[in-house]
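Peer 1: If you scroll down you'll find the structure; I have some questions about it.
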Ligand code: FAD
Ligand code: SF4
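In our numbering, the protein residues as written are -1 to 454.
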């Protein structure tokens, strides 16, 4: 915000920026607005639609009681208006992202051939995107400039803001200007977008970002518009610089997922952040705050989240979220944690991803079944299990991987809510096929783990 204020001033705009600890910065937003309106003898208040429901309500209510003229303008940082996704799905029970994504490709003419058909004959190249990463090809360096924010950080702490985690080497490399964000976009497209697609779901203990773009923060904080990112990627494909599977896979994340989750948020608020359809109740264990756990996959995913304010999608979904759901953590606790830990976390995008996609707290509006797995999936997509204290193939008994028994126990505990889902019939059939002794041993081991979550 400070760099943005400076760049606006340099362009000749008048900017009144209130620093966090400034004497004239009131704790309440509306008190600040009252003071500014009085100070500048304002005759008109204009604002850009904010992205958070609470703030949106607050500004509308505030404006409604003002005696001066008011105007609100939409944000140009999304393709769709807030309610478009809700209108697209209207009364449908399940909101399939894929159908919305195809509609968006057609509506905006993206990755279509001359006949208006999907480029390459397929809408989706997800099947080409499931490779594990064995150290090759090499991941390009992180060339983003790093920033020492220690003075600013002291100011924030002096203002009484509570925090957790510790910046990597005291430095943060997230962009502070549009120029930095644009430079990183070019670096990403030229150096590692070609590999993005195939290793999208891979995880590694040696590499924290693999081939992911690290662009969510720049887009969510509006340094970059999603449209310019998508257009630049399509251009790179048309110029023959990146394969179709990578360009399509990447564009789907922004044109599809990003717009879709925003639409879910605006159509479901208020109330969405309170959902807990699976009635989960446990508290978050301490390792969510300090990363100290014997589960190697969790230690890596949590550790890098606490140090870098970043984990890529599969770490968020299939390690941390997977564990939270299997362990029975209260959905709202998980939601608050994700909102607090990631650099790109804003409620409109974090809440549907965490509560809907990851924790199944909306009962299946977003996900057709819960995203959970045993160690087998984690072992296939990462090198975490090799260096772990726990045994990935064991379901119960000393040293057995917690993901294994908690997985089966989760489905057994949630039988009344999930057994009717035809996409889960195979899971329940497998559970029934196990001997009664095996099922009892799994249930006993899982119950013990859930009682001792803090010592895993
Ligand atoms: P890349 O993998 O390079 O993807 C490119 C871009 O696509 C991202 O920058 C992002 O803008 C968009 N994108 C990809 N997946 C999603 C998605 N599921 N929803 C919305 N946009 C998507 N994303 C956030 O921006 N903020 C959050 O607070 C957030 N919380 C999440 C919580 C959970 C539990 C999960 C499973 C996912 C969450 N995501 C969130 C989505 C996704 O994980 C991040 O957008 C991504 O990891 C950001 O890293 P990147 O820029 O390197 O992404
Ligand atoms: Fe994670 Fe289990 Fe693998 Fe350990 S064995 S890394 S706990 S999945």
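Positions of the beta carbon are idealized from the N, C-alpha and C atoms, including for glycine. This structure is a prediction, so every number in the text was calculated from the model and none was measured.
1. Please state whether DSSP places residue 412 in a helix, a strand or coil.
2. Grouping DSSP H, G and I as helix and E and B as strand, with all else coil, what is residue 70?
3. Check the C-beta distance from residue 240 over to residue 234 and give it rounded, since I have them as a contact under 8 angstroms.
4. Would you call the segment 76 to 86 and the segment 250 to 267 in contact, with 3 or more CB pairs under 8 angstroms?
5. If the criterion is Cβ atoms closer than 7 angstroms, does the pair residue 375 and residue 365 meet it?
6. So, residue 156 versus residue 19, is the Cβ gap smaller than 7 angstroms?
7. Given that a residue counts as buried once 16 or more other Cβ atoms are within 10 Å of its Cβ, and exposed if not, what is residue 66?
8. Write down every uninterrupted run of the alpha helix (DSSP H) in the segment 243 to 312 whose length is 4 residues or greater and which is fully enclosed by it, in chain order.
9. According to DSSP, is residue 135 helix, strand or coil?
10. Would you mind working out which of 63, 80, 27 sits nearest residue 71, comparing C-alpha positions?
11. Start and end of the alpha helix (DSSP H) containing residue 150?
12. Would residue 173 be called buried (16 or more neighbouring beta carbons within 10 Å of its own) or exposed?
13. I think residue 138 touches residue 178, with their Cβ atoms under 8 angstroms apart; what is that distance to the nearest whole Å?
14. Quick one: using the 10 Å Cβ neighbour count with 16 as the cut-off for buried, is residue 443 buried or exposed?
15. Helix, strand or coil for residue 198? Go by DSSP, reduced to three states.
16. Classify residue 263: buried if its beta carbon has 16 or more other beta carbons within 10 angstroms, exposed otherwise.
17. Could you give the DSSP three-state label for residue 9: helix, strand or coil?
18. What separation, rounded to the nearest whole angstrom, lies between the Cα atoms of residue 351 and residue 297?
19. What's the call for residue 112, buried or exposed, on a 16-neighbour Cβ count within 10 Å?
Peer 2: According to the structure shown:
1. DSSP places residue 412 in coil when its eight states are reduced to three.
2. In this structure, residue 70 counts as strand in the three-state DSSP scheme.
3. The pair is a contact, with the Cβ atoms about 5 angstroms apart (cut-off 8 angstroms).
4. Touching, per the Cβ criterion.
5. No, these two residues do not count as a Cβ contact at 7 angstroms.
6. With a cutoff of 7 angstroms on beta-carbon distance, residue 156 and residue 19 are scored as near each other.
7. Residue 66 is exposed by the Cβ-count criterion.
8. Whole alpha helix (DSSP H) segments, 4+ residues: 257 to 266, 285 to 288, 294 to 306.
9. In this structure, residue 135 counts as coil in the three-state DSSP scheme.
10. Restricting attention to 63, 80, 27, the CA atom closest to the CA of residue 71 is found in 80.
11. Looking at the DSSP string, the run of the alpha helix (DSSP H) that includes residue 150 is 148 to 156.
12. Flag for residue 173 reads buried.
13. Between residue 178 and residue 138 the Cβ distance is about 17 angstroms, and since that is not below 8 angstroms, they are no contact.
14. Residue 443 is buried by the Cβ-count criterion.
15. Of the three classes helix, strand and coil, the one that applies to residue 198 here is coil, per DSSP.
16. Flag for residue 263 reads buried.
17. Three-state result, residue 9: coil.
18. It is roughly 22 angstroms from the alpha-carbon of residue 351 to the alpha-carbon of residue 297.
19. With fewer than 16 other CB atoms across the displayed protein chains lying within 10 angstroms of its CB, residue 112 is exposed.
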